[in-house]
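Each residue of the sequence shown is one higher than the last, beginning at 4 in this note's numbering. Ideal placement from N, C-alpha and C gives every residue a C-beta, glycine not left out. Single-structure report; data block below.
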Amino acid sequence: MPATTPLRLAIIVGSTRDGRFAPIVAEWTRAHAAGRDDLTVDVVDLIETPLPTVFPAFGQPPAPGTAELLAEVSPRLAAADAFVIVTPEYNHSFPAALKNAIDWHNREWHAKPVGFVSYGGVSGGLRAVEQLRVVLAELHAVTVRDTVSFHGHWDKFDADGKAVDPASDAAAKTMLDQLVWWAHALRDAKAVRPYAA
Ligand SMILES: Cc1cc2nc3c(=O)[nH]c(=O)nc-3n(C[C@H](O)[C@H](O)[C@H](O)COP(=O)(O)O)c2cc1C
Numbered sequence: 004m005p006a007t008t009p010l011r012l013a014i015i016v017g018s019t020r021d022g023r024f025a026p027i028v029a030e031w032t033r034a035h036a037a038g039r040d041d042l043t044v045d046v047v048d049l050i051e052t053p054l055p056t057v058f059p060a061f062g063q064p065p066a067p068g069t070a071e072l073l074a075e076v077s078p079r080l081a082a083a084d085a086f087v088i089v090t091p092e093y094n095h096s097f098p099a100a101l102k103n104a105i106d107w108h109n110r111e112w113h114a115k116p117v118g119f120v121s122y123g124g125v126s127g128g129l130r131a132v133e134q135l136r137v138v139l140a141e142l143h144a145v146t147v148r149d150t151v152s153f154h155g156h157w158d159k160f161d162a163d164g165k166a167v168d169p170a171s172d173a174a175a176k177t178m179l180d181q182l183v184w185w186a187h188a189l190r191d192a193k194a195v196r197p198y199a200a
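See the structure below:
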């Protein structure tokens, strides 16, 4: 694939809570990514793509109805060259719905980069991000160093959904620049040599 072909970015929205703050952070993230000419963007919002929490036995097909639900998510993850996970912090970790969506997949994560935009109270969701790094390493994904985090996110966006601190916009650019670097490097490498999982 030519290096100039835009990378396919999937933004995964990790909160499925009623009354969630997530759409504000997700839309801000989407706008940053969509403003670049090196990315095409697909927002995978887990509230729109619920997945069961009961897994099939090893080697067995999913329960009736599950394949249809997975069809709304899995091909989009498989098609992605890179991911940004938008996550809040729940009890010093990340939401169960996000872990469930991660666990339903395996090869979809392999040899792909993942960036993070997090939000929460005093820690800005950073504890959730650090735990996600451990989980995603098991799935052969590469997490990028720089993240975007909003501590006390409730007053970090204006009525138009813009970040009130310009440092947040600068942080988004840094994170996406690193993500794109990794996504190009890994896409190019996989074109030459399949990933050895
Ligand atoms: C179950 C639960 C646990 C939470 N635990 C933490 C926490 O450990 N640290 C923190 O900073 N905020 C915590 N919060 C606050 C959330 O980060 C905050 O409510 C945020 O808006 C949640 O994202 P959402 O509105 O998109 O679901 C918690 C919220 C919930 C619902």
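Counting along the chain, Thr-177 sits inside the alpha helix (DSSP H) bounded by residues 169 to 195. Apart from the 5 residues on each side of it in sequence, Asp-149 sits with its Cβ closer than 6 Å to the Cβ of Thr-177, Met-178, Gln-181 in its chain, given in chain order.
Under the DSSP assignment, Arg-33 falls in the alpha helix (DSSP H) whose first and last residues are 25 to 37. Each residue's CA atom was taken as its position, placing Gly-164 and Leu-142 some 33 Å apart. At least one heavy atom of ligand 1 sits closer than 7 Å to the Cβ of Ser-18. In the DSSP assignment, Asp-45 falls within the unbroken beta strand (DSSP E) covering 42 to 48.
In this structure, Leu-101 is the residue among Ala-114, His-187, Leu-101 with its C-alpha nearest to the C-alpha of Pro-55. With a beta-carbon spacing of about 16 Å, Pro-91 and Gly-118 fall beyond the 8 Å limit used to define contacts. Per DSSP, the beta bridge partners of Tyr-122 are Pro-91, Phe-153. Excluding five sequence positions before and after Leu-72, the CB atoms of its chain that fall closer than 8 Å to its own CB belong to Thr-52, Pro-53, Leu-54, Pro-55, given in chain order.
Cα atoms of Asp-161 and Ser-77: separation of roughly 34 Å, rounded to the nearest angstrom. Under the three-state reduction of DSSP, Leu-142 is assigned to coil, being neither helix nor strand. Pairing Arg-79 with Asp-45, the inter-Cα distance amounts to about 8 Å. In this structure, the alpha-carbon of Ala-66 lies about 18 Å from that of Asn-109.
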